[in-house]
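Asker:
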Amino acid sequence: MNHATNQPRRFELFEAFGIELEYMVVDRDTLDVRPVADEVLSLAAGKPTSDFQDGTITWSNELALHVLELKATDPVEDLIDLCNSLQKGVRNLHAHLASLNAVLLPSGMHPWMNPQSETRLWPHECAEIYNAYHEIFDCHTHGWSNVQSVHLNLPFANDGDFARLHAAVRILLPILPALTAGSPIMDQCRGTWLDMRMRAVRDHCCRVPFLTGQLIPEPFFDEATYRREIFDGLENAIEPFNASGVFDPNFLNARGAIARFDRGSIEVRVMDVQEHPAVDVAVCVAVIAALKTIVSERWQPLSLQKKMGTPTLSGLLDKVSATGERTVIDNPDFLRCFAIKDASITAGELWRHIISSAEDQEPMLGGVKSNLQTILKHGTLATRIVNAVGDDYRREHLQSVYQQLATCLVEARSFPPT
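Numbering (the numbering used here) for the sequence shown: 835 to 1252.
(1) Could you check the C-alpha separation between residue 855 and residue 895 for me, to the nearest Å?
(2) Am I right that residue 973 and residue 897 are in contact with their C-beta atoms under 8 Å? What's the rounded C-beta distance?
(3) Just the Cα atoms here: how many angstroms apart are residue 1061 and residue 861?
(4) Pair every Cβ in the segment 934-947 with every Cβ in the segment 866-884, then say whether three or more of these pairs are closer than 8 Å.
(5) Looking at the unbroken beta strand (DSSP E) that takes in residue 1198, where does it start and where does it end?
(6) If you draw a straight line from the alpha carbon of residue 835 to that of residue 884, how long is it in whole angstroms?
(7) Just to confirm the assignment, what range does the alpha helix (DSSP H) spanning residue 1187 have?
(8) With DSSP as the reference, label residue 836 as helix, strand or coil.
(9) If we count the other Cβ atoms within 10 Å of its Cβ and call it buried at 16 or more, is residue 1226 buried or exposed?
(10) Closest by CA to residue 1082, which one among 1090, 1072, 1091, 959?
(11) Using alpha carbons as the reference points, say which of 1231, 1240, 1108, 849 lies closest to residue 983.
(12) Starting from residue 1142, follow the beta strand (DSSP E) in both directions and report where the run begins and ends.
(13) When the Cβ atoms of the segment 898-908 are set against those of the segment 919-928, are three or more pairs found closer than 8 Å?
(14) Return yes when the Cβ of residue 1192 is within less than 8 Å of the Cβ of residue 1091, no when it is not.
(15) Output the residue ranges of the alpha helix (DSSP H) runs that lie fully inside the segment 905-968 and measure 4 residues or longer, sorted by chain position.
(16) Helix or strand or just coil, what does DSSP make of residue 870?
(17) For residue 1214, which of helix, strand or coil comes out of DSSP?
(18) Where does residue 1029 land, buried or exposed, given buried means 16+ other C-beta within 10 angstroms?
(19) For residue 881, count the other beta carbons within 10 Å of its own beta carbon; 16 or more makes it buried, fewer makes it exposed. Which is it?
(20) In the structure shown, what three-state DSSP assignment does residue 975 receive?
(21) Per DSSP, which residues does residue 1023 bridge with? Please list them.
(22) Secondary structure at residue 1091, three-state DSSP: helix, strand or coil?
(23) How would you call residue 1221, buried or exposed, if buried means at least 16 neighbouring beta carbons within 10 angstroms?
(24) Taking residue 845 and residue 997 to be in contact with their CB atoms under 8 Å, please state how far apart those CB atoms are, rounded to whole angstroms.
(25) Touching or not, the segment 1045-1053 and the segment 1110-1126, by the rule of three or more beta carbon pairs under 8 Å?
(26) Whose CA, out of 1033, 1075, 1006, 1194, lies closest to the CA of residue 963?
(27) Grouping DSSP H, G and I as helix and E and B as strand, with all else coil, what is residue 1050?
(28) From 899, 850, 1031, 1016, pick the residue whose C-alpha is nearest to that of residue 989; which is it?
(29) Checking 8 Å against the spacing of the C-beta atoms, do residue 1248 and residue 1208 come in under that value?
(30) Using a Cβ-Cβ cut-off of 8 Å, state whether residue 1109 counts as contacting chain C.
(31) With a 10 Å radius around its C-beta and 16 neighbouring C-beta atoms as the bar for buried, classify residue 1087 as buried or exposed.
(32) If you reduce the DSSP assignment to three classes, tell me which class residue 878 lands in.
(33) Measure from the alpha carbon of residue 1205 to the alpha carbon of each residue in 1224, 1162, 1251, 1165, then state which is nearest.
(34) Using three-state DSSP, classify residue 901 as helix, strand or coil.
Spelled out as structure tokens, the structure:
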């Protein structure tokens, strides 16, 4: 949550949060990806740099030169206020992009990018790490260079906090794509999943599969066990490829949620970036409300939460990533995690139940209701993109649809714009 070199302050459960948003940099006219992130950051800072602080927001590079990240510079308590800062950051960034005839494009994947021919890796600070990844995994693939997500950082102060938060996060991860799927098109075709980003991420470390595991993190609930089983496992898995010693276990962990004991946080990484920051913040608030309710043990005691198996949760994550809010959930053990007594329920219906039940847990829900209602009423961004595209996957038609998405980002409007 805090990338400073000094020891960051430790926060209590749900005391403060960090949000990171990744966007594609594309040509203003064609929407083809533009590998100019380093030029944009240099323009803003007046010198070559990998990050630029814009008020309370920081712009940063990512692995690929056509991706930029906007994030809260420090953990914040008020996500509604952060939403305004992020939107201002988008506008300020666009002002610098204008001189390069470029804009930001939201959604989890670029719909026609060819990663093999169009990927350019960041060539500056930390390039040796990116190049090392490329040597092992081939970063000129969708799973490395065409996956734009939201990261939500949630604090914990001690092992007790970590146990409760990690148990809750594991349970919630599988149903997040029912709110956040936003990548239904890849290679100019309708994907087999609504959340093709999750499909690409599932396989992107296949040469060293322990890095992703089953995406759902294993049921470890204290720092010592997590370090021994996951961090040591990561070091052992990468050791044959790590002659240069550039890999750090904190950054090797590619699960859908990762523990960062160095800064006292769990980072959730299963959410596609949405059409504008207020929607991302709304989703994050819903996630926080759900986690608070799970942690409170209102629906189920912690002892039972800890028993949810990784294969069960991982399989459900795949199902929800594929069919989004329409996914039928009929696993009784999982439904009991949310005090659902019905034999089955769709993932969208489950989210309506969660948000309604958690309203008293999270006051910020009142400030994000309209954006959540767009998702609950009209479907995920992926569903709305599919509806807008119809059966017409010609480049010019896709360009028209995604041009609307780019406009929604700048104007802070829901997609499709009304």
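A virtual CB, placed ideally from N, CA and C, is assigned to each residue, including glycine.
Answerer: On the basis of the supplied data:
(1) 12 Å
(2) 6 Å
(3) 43 Å
(4) yes
(5) No beta strand (DSSP E) contains residue 1198, which DSSP labels as neither H nor E.
(6) Residue placement at residue 835 is flagged as unreliable, the pLDDT there being 42, under the threshold of 50; the coordinate-derived value follows with that caveat. Answer to the nearest angstrom: the Cα atoms are 17 Å apart.
(7) 1181-1191
(8) Its pLDDT being 39, under 50, residue 836 is placed unreliably in this model, and the coordinates cannot settle the point.
(9) exposed
(10) When each option's Cα is compared against that of residue 1082, the closest is 1072.
(11) When each option's Cα is compared against that of residue 983, the closest is 1108.
(12) Unbroken run through residue 1142: none, as it is neither H nor E.
(13) yes
(14) no
(15) 913-932, 949-952
(16) coil
(17) coil
(18) That one is buried.
(19) Flag for residue 881 reads exposed.
(20) coil
(21) 1020
(22) strand
(23) exposed
(24) Going by Cβ atoms, the distance from residue 845 to residue 997 rounds to 16 Å, so no, they are not a contact pair.
(25) no
(26) 1075
(27) Of the three classes helix, strand and coil, the one that applies to residue 1050 here is strand, per DSSP.
(28) 850
(29) yes
(30) Considering every chain present, this structure includes no chain C. It has just one protein chain.
(31) Residue burial is scored here from C-beta neighbours: residue 1087 has at least 16 other C-beta atoms within 10 angstroms and is therefore classed as buried.
(32) Here residue 878 carries a helix assignment [DSSP, helix/strand/coil].
(33) Between residue 1205 and the set 1224, 1162, 1251, 1165, the nearest pair of CA atoms involves 1251.
(34) strand
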